[in-house]
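Engineer: Just dropping this structure here.
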Amino acid sequence: MDKYAVIGHPIGHSKSPRIHALFAEQTGQDMAYEAVLAPLDGFADTVCRLVGEGYRGFNVTVPFKGEAFELADALTDRARRAGAVNTLKVQADGALLGENTDGVGLVTDLVNNLGVAIAGRDLVVLGAGGAVRGVLAPLLALGPASLHIANRTGARAEQLAQDFADLGPVTGGDLDSLKGRQAHVLINGTSAGLDDEVPALPDDLLHVDGGCYDMMYGDRPTAFLRWAAAHDAAWTADGLGMLVEQAAESFALWRGVRPQTGPVIRTLRPVQP
Ligand SMILES: NC(=O)c1ccc[n+]([C@@H]2O[C@H](COP(=O)([O-])OP(=O)(O)OC[C@H]3O[C@@H](n4cnc5c(N)ncnc54)[C@H](OP(=O)(O)O)[C@@H]3O)[C@@H](O)[C@H]2O)c1
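Counting from -4, one number per residue, gives the positions in the sequence shown under the numbering used here.
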């Protein structure tokens, strides 16, 4: 039986083993998938050990996506653009292929599952960390009228905008740069929600038919989605769909078959009281 794992620190909270077990059952793939805690200074050693034990691929999560990028022997274009790797595939010759499926996961959830239009719309993305870097190329590929990145540390957003300027109309700035803007699609890619916080946002940031997507997810509405509801967002979604979609892309890379994601998202979605 082929073995796979998600590697992170911490890792106990990960939903990935459940997601991949559901994919394997649905597609009839004979495989095992587990969560592995790597020491903070031992990511590469952990991967080497598991490859030696015959593992065929890995998902990589916080804080190792940058190290996975460095460790990969070859990179897909998406991973190179993202500067981070969340999926490793062990090739037939033992070499590691690095891929990044986070961005395509977000876009698939937004466009296919939620039916959100991106072409010709004004997008605002909050945050300038690894997750945001990963989603910029797939979002710009859909032809928005504008994509503005706003971050607590404005210089990081400006740098990101420069790095992706060849792909479309992207700008960056600090949170004050949001004044006077209106978003059709407002995406939260900050980790402020981990402390149940929302970056300071202007009250009129949402266009009258604008909606909000939080890359974070939880059993209760996140702080950002509570902000969205209080500001009359036309629609809201959390990042559970993105998580399942990025997992499906990894699964397809490893197994050559793409699972259906809708039933898995519905299974994992907590029942609202
Ligand atoms: N659903 C999924 O599949 C999925 C996949 C990947 C990531 N995510 C989520 O995306 C989020 C970001 O992840 P990441 O890997 O990009 O993290 P990261 O690289 O650590 O970046 C964190 C970002 O959040 C900003 N930030 C942190 N605390 C803030 C606060 N209190 N107020 C305003 N801004 C704040 C940081 O701003 P500074 O630059 O100023 O520090 C930075 O831009 C996390 O919540 C993660 O769970 C979800």
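Using N, Cα and C, we set each Cβ at its ideal position, and we do this for glycine too.
Just so we're clear, the structure is a prediction, and the values are computed from it rather than from any experiment.
Is D190 helix, strand or coil when you go by DSSP?
Structural biologist: Helix.
Engineer: Under 8 Å: do the region 175 to 187 and the region 150 to 164 share three or more Cβ pairs, one atom per stretch?
Structural biologist: With a cut-off of 8 Å, the region 150 to 164 and the region 175 to 187 do not count as touching, because too few Cβ pairs lie within range.
Engineer: Just the Cα atoms here: how many angstroms apart are L235 and R128?
Structural biologist: Cα-Cα distance, rounded: 19 Å.
Engineer: Classify H8 as buried or exposed, calling it buried when 16 or more other Cβ atoms lie within 10 Å of its own Cβ.
Structural biologist: exposed
Engineer: For ligand 1, I want to know if A123 counts as a neighbour, meaning its beta carbon is within less than 7 Å of at least one of the ligand's heavy atoms.
Structural biologist: yes
Engineer: Would you say E20 lies against chain C (beta-carbon separation less than 8 Å)?
Structural biologist: Here there is only one protein chain, and chain C is not present.
Engineer: If K10 sits next to L238, beta carbons under 8 Å apart, how far is it from one beta carbon to the other, in whole angstroms?
Structural biologist: 6 Å
Engineer: Closer than 7 Å by C-beta to A228: which residues in its own chain qualify, once you throw out the five before and the five after it? Chain order, please.
Structural biologist: L201, G205, G206 and C207
Engineer: Whose CA, out of D68, D72, D97 and V120, lies closest to the CA of D88?
Structural biologist: D68
Engineer: Where do the ends of the beta strand (DSSP E) carrying M26 lie?
Structural biologist: M26 to L32
Engineer: For L189, I'd like the list of residues in its chain whose CB is within less than 8 Å of its CB, leaving aside the five on either flank, ordered along the chain.
Structural biologist: Excluding positions up to five away in sequence, the list reads M211.
Engineer: Along the chain, where does the beta strand (DSSP E) containing K(-2) start, and where does it finish?
Structural biologist: Bounds of the beta strand (DSSP E) holding K(-2) are D(-3) to G3.
Engineer: Just mark Q255 as buried or exposed, buried being the case when its beta carbon has 16 or more other beta carbons within 10 Å.
Structural biologist: exposed
Engineer: Evaluate the contact criterion for the region 106 to 122 versus the region 90 to 97: three or more CB pairs, one atom per stretch, below 8 Å.
Structural biologist: Too few Cβ pairs lie closer than 8 Å, so no.
Engineer: Can you name the start and end residues of the beta strand (DSSP E) that F53 belongs to?
Structural biologist: Residues Y50 to V55.
Engineer: For E244 and V102, what's the separation of their Cα atoms in angstroms?
Structural biologist: 12 Å
Engineer: Three or more C-beta pairs under 8 Å: does that hold for the region 76 to 87 against the region 50 to 59?
Structural biologist: Yes, since at least three Cβ pairs between the region 76 to 87 and the region 50 to 59 fall closer than 8 Å, the two stretches touch.
Engineer: V180 and I113 - do their beta-carbons sit closer together than 8 Å?
Structural biologist: Using a Cβ distance threshold of 8 Å, I113 and V180 count as a contacting pair.
Engineer: Answer with buried or exposed for L241, where buried requires no fewer than 16 other C-beta atoms within 10 angstroms of its C-beta.
Structural biologist: It should be noted that the sequence gives Gln, not Leu, for residue 241. Flag for Q241 reads buried.
Engineer: Please report the distance separating the alpha-carbon of L170 from that of V203.
Structural biologist: 21 Å
Engineer: If we require 4 or more residues per run, which alpha helix (DSSP H) segments fall completely within the region 58 to 106?
Structural biologist: 60 to 66, 72 to 77 and 97 to 103
Engineer: Need the endpoints of the alpha helix (DSSP H) that H15 sits in, please.
Structural biologist: S11 to T22
Engineer: Run through the region 106 to 137 for me and flag every whole alpha helix (DSSP H) of 4 or more residues, listed as ranges in chain order.
Structural biologist: 125 to 135
Engineer: Between which two residues does the beta strand (DSSP E) harbouring G167 extend?
Structural biologist: V165 to G168
Engineer: What does the Cβ neighbour count give for G49, buried or exposed, with the cut at 16 atoms within 10 Å?
Structural biologist: By the Cβ-count criterion, G49 is exposed, with fewer than 16 other Cβ atoms from all chains shown falling within 10 Å of its own Cβ.
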